[in-house]
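Participant: Before I ask anything, here is the structure I am working with.
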Amino acid sequence: MAKYRVLMHYSDGSSEMEDEIFETETEAESHGSYMCSCCNQGAEELYESNPGDYPLEDSLSATYEVIIVND
Numbered sequence: 200m201a202k203y204r205v206l207m208h209y210s211d212g213s214s215e216m217e218d219e220i221f222e223t224e225t226e227a228e229s230h231g232s233y234m235c236s237c238c239n240q241g242a243e244e245l246y247e248s249n250p251g252d253y254p255l256e257d258s259l260s261a262t263y264e265v266i267i268v269n270d
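Using the working numbering, the first residue of the sequence shown is number 200, and each one after it goes up by one.
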């Protein structure tokens with residue numbers, strides 16, 4: 200049976216494969232969405248702590264891709 204992983208893509212051109220392996224595609228999509236949300240929240244918190252040093256337009260944004268892996 201297929202397993203799934205999440206590959207994160209960042210706006211600076213970098214990518215990172217998440218360590219977790221998921222049983223369903225839905226679980227992987229949920230995790231990818233959560234990670235994107237964390238990235239956005241982190242950028243907002245840095246901006247609120249010091250807008251001059253952490254402008255929102257310079258922050259990283261993220262997207263994700265669900266990858267099928269063999270078990």
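Ideal placement from N, C-alpha and C gives every residue a C-beta, glycine not left out.
(1) Helix, strand or coil, according to DSSP, for S236 in the structure here?
(2) Ordered along the chain, which non-local residues of its own chain (more than five positions away) have a Cβ less than 7 Å from that of I267?
(3) Does DSSP classify A242 as helix, strand or coil?
(4) Less than 8 Å separating the beta-carbons of A242 and S258?
(5) Which same chain residues, not among the five before or five after H208, have their C-beta less than 8 Å away from its C-beta?
Facilitator: By the coordinates alone:
(1) Residue numbering aside, residue 236 sits at position 37 when the sequence shown is read from its first letter. It is helical.
(2) Residue numbering aside, residue 267 sits at position 68 when the sequence shown is read from its first letter. Closer than 7 Å at Cβ, skipping near neighbours: A201 and Y203.
(3) Position 43 of the sequence shown, counted from the first residue, corresponds to residue 242. Looking at A242 - three-state DSSP - the assignment turns out to be helix.
(4) Here residue 242 refers to the residue found at position 43 of the sequence shown. Here residue 258 refers to the residue found at position 59 of the sequence shown. Yes; because the gap between Cβ atoms is below 8 Å, this pair is in contact.
(5) As a position in the sequence shown, residue 208 is number 9, starting the count at 1. So the qualifying residues of the chain are S214, A261, T262, Y263 and E264.
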